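Structure record follows, encoded as structure tokens.
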Amino acid sequence: MSDEVVATDASHFESLHRALDIVAREHRYLALLQAPPLEQSVAFYQGLIDGGFPHFVALGDDARVIGWCDVSPVFGQSRAHIGVLGIALLPQARGRGLGARLLQAAIDRAWARGLTRIELSVRADNLQARVLYERFGFAHEGLQRRAVFVEGTYHDAHAMALLR
């Protein structure tokens, strides 16, 4: 079996939670520094799926989650046309084109869901991610100064968005 990108379902939740924890503990790519309790993560994943929002996973040779991409809703009726992108890959899955495949699947589903704007925030020192987002048409909308605080250090982040 080669790497595949599929819509997330309940059979992926435990493996997805494990992958979330691994990436979070890198203290570089996510707002979280460790995964929340499994039950909280499952409620988030199921809520996105039940709401028809994009959630995709990349599965490795052993059918375990090695990456994911989701677009979650934004609070408020006047912002119901907007989704917030989340994406990550396990270290061993990076550089294999999976990020682009996950991103395309999530964008396609977001547009089909009726969203017309996808927002994201990416640390300024995450050049590979910024290049990927730019390749897909995400535009820089501003610099969020001191937006992330990890291990005693502040990091700036770029606000980016893609319009349909």
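Per this note's numbering, the sequence shown starts with residue 227, numbered consecutively.
For every residue, glycine included, the Cβ atom is placed at its ideal position computed from N, Cα and C.
In this text, all values refer to a predicted model and were calculated from it rather than measured experimentally.
Going by DSSP, what residues sit across from residue i in a beta bridge?
i	result
Phe-282	Ala-233 and Cys-295
His-384	Val-348 and Leu-369
Phe-239	DSSP, once it has assigned bridges, lists no residue as partnering Phe-239.
Val-249	Its beta-bridge partners do not exist; DSSP assigns none.
Leu-401	Residue 401 lies beyond the range of the chain shown here (227 to 390); nothing can be said about it.
Val-376	Thr-379
Mark residue i as exposed unless 16 or more other C-beta atoms lie within 10 angstroms of its C-beta, in which case mark it buried.
i	result
Asp-296	buried
Ser-237	exposed
Pro-263	exposed
Tyr-380	exposed
Pro-280	buried
Phe-239	buried
Phe-301	exposed
Gly-309	buried
Leu-369	exposed
Ala-289	exposed
Leu-353	exposed
Phe-364	buried
Gly-267	This sequence places Ser at residue 267; Gly is not what is there. Buried.
Report back the beta-carbon spacing between residue i and residue j to the nearest angstrom; my notes put them in contact at under 8 Å.
i	j	result
Ile-313	Leu-388	Actually they do not touch by this definition, with Cβ atoms about 13 Å apart.
Ile-344	Leu-311	5 Å
Ala-250	Leu-259	6 Å
Thr-342	His-307	5 Å
Gly-321	Pro-299	Their Cβ separation, rounded to whole angstroms, is 31 Å, which puts Gly-321 and Pro-299 out of contact at 8 Å.
Asp-247	Ala-257	That pair is no contact at about 14 Å.
Leu-358	Leu-316	The Cβ separation is near 16 Å, so there is no contact.
Glu-377	His-253	6 Å
Task: Stretch pair the stretch 276 to 289 + the stretch 230 to 237: three plus CB contacts closer than 8 Å - done: yes
Open item on the list: What ranges does the beta strand (DSSP E) occupy inside the stretch 306 to 365, keeping only unbroken runs of at least 3 residues that lie completely in it?
Closed with: 308 to 315 and 343 to 349
Open item on the list: Count Cβ pairs between the stretch 232 to 243 and the stretch 338 to 347 that sit closer than 8 Å; are there 3 or more?
Closed with: no
TODO: Could you tell me whether the stretch 377 to 386 touches the stretch 343 to 355, using the rule of 3 or more Cβ pairs below 8 Å?
DONE: yes
- [ ] Would you check if there are 3 or more beta carbon pairs closer than 8 Å linking the stretch 324 to 331 to the stretch 292 to 306?
- [x] yes
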